[in-house]
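Report on one structure; see the data block that follows.
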Amino acid sequence: QKEVEQNSGPLSVPEGAIASLNCTYSDRGSQSFFWYRQYSGKSPELIMFIYSNGDKEDGRFTAQLNKASQYVSLLIRDSQPSDSATYLCAVSLSGGYNKLIFGAGTRLAVHP
Amino acid sequence: DVKVTQSSRYLVKRTGEKVFLECVQDMDHENMFWYRQDPGLGLRLIYFSYDVKMKEKGDIPEGYSVSREKKERFSLILESASTNQTSMYLCASSLPGVEQYFGPGTRLTVT
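So the sequences go chain by chain: X and F. If you read the first sequence in this note's numbering, its first letter stands for residue 1, the second for the next number, and so on. If you read the second sequence in this note's numbering, its first letter stands for residue 113, the second for the next number, and so on.
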């Protein structure tokens, strides 16, 4: 059974700090990795994707991928209360059809 | 902007009823997906479709069926609703090999 593991949290950080969210996955053939943000009662919203080892930056967000360690992370710099949400890690399944496996999510709470 | 819409935000049905959940996307995406989301269990794939009239079972297809007669529309059918199908149902669409975009979700309660 292919799996994606995330710490459920809550991860509590003060406003202005860096929030670090982590994800491990079991399918060594996975090629694409995604981070979604989900506010309470809302649907997931894509915020980042990464395909290659290393870092990818987009504004306050940085995704980091290490395929050898089967590890992907999301850093949020200058965290704001509006970043408080559940962050879902999603990993493509090897074998096609663009199927994704989702982690259960990490709840982030940014306090003023 | 990609737009995925779902027919209802909230739905209450009785046990044994046949339930239809509709999803429409406006970006000409080949792939469409139905998930359910439950607390602590994350998103679980029910069915997906990679072309018109083509469908594949996901991880939890029991008690569900799907229909895709047109590219833009993907329907989820609960043949005989049961209380354990009370959940948030999320539809998503994508081009092959790229990210999925989600609709707003339908919160279904079966009493």
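For every residue, glycine included, the Cβ atom is placed at its ideal position computed from N, Cα and C.
- The continuous stretches of beta strand (DSSP E) do not include F:His141, and DSSP gives it neither H nor E.
- Between X:Tyr36 and X:Gln70, the C-beta gap is not smaller than 7 Å, which leaves the two residues out of contact.
- Under the 7 Å criterion on CB atoms, X:Ala85 is classed as non-interfacial with respect to chain F.
- Taking a Cβ-Cβ cut-off of 9 Å, X:Ser73 has no neighbours in chain F, whose nearest Cβ is about 18 Å from it.
- Within its own chain, the residues whose Cβ lies closer than 8 Å to the Cβ of F:Gly175, once the five positions on either side in sequence are excluded, are Leu190, Glu191, Ser192, Ser194, Gln197, listed in chain order.
- Burial of X:Asn98 is indicated by the presence of at least 16 other C-beta atoms within 10 angstroms of its C-beta.
- Within a 10 Å sphere around the beta-carbon of F:Thr221 sit fewer than 16 other beta-carbons, which makes this residue exposed.
- Boundaries of the beta strand (DSSP E) around X:Ile76: 71–76.
- For the segment 43–66 of chain X, the set of positions with a beta-carbon nearer than 8 Å to some beta-carbon of chain F reads Ser43, Pro44, Glu45, Leu46, Phe49 in chain order.
- By alpha-carbon distance to X:Tyr87, the top candidate from X:Asp55, X:Arg28, X:Gly9 is X:Gly9.
- Distance from the Cα of X:Phe49 is smallest, within the candidate group F:Gly209, F:Gly215, F:Asp138, for F:Gly209.
- Counting every other CB atom within 10 Å of its CB across the protein chains shown gives X:Pro81 a total below 16, marking it as exposed.
- Take the alpha-carbon of X:Glu45 and the one of X:Ser92: they are about 17 Å apart.
- With its beta carbon less than 7 Å from one in chain X, F:Ser206 belongs to the interface.
- The shortest CA-to-CA distance from F:Phe214 to any of F:Lys183, F:Arg148, F:Lys167 is the one to F:Arg148.
- Assignment of beta strand (DSSP E) within the segment 156–189 of chain F, counting only whole runs of 3 or more residues, yields 166–169, 176–182 in chain order.
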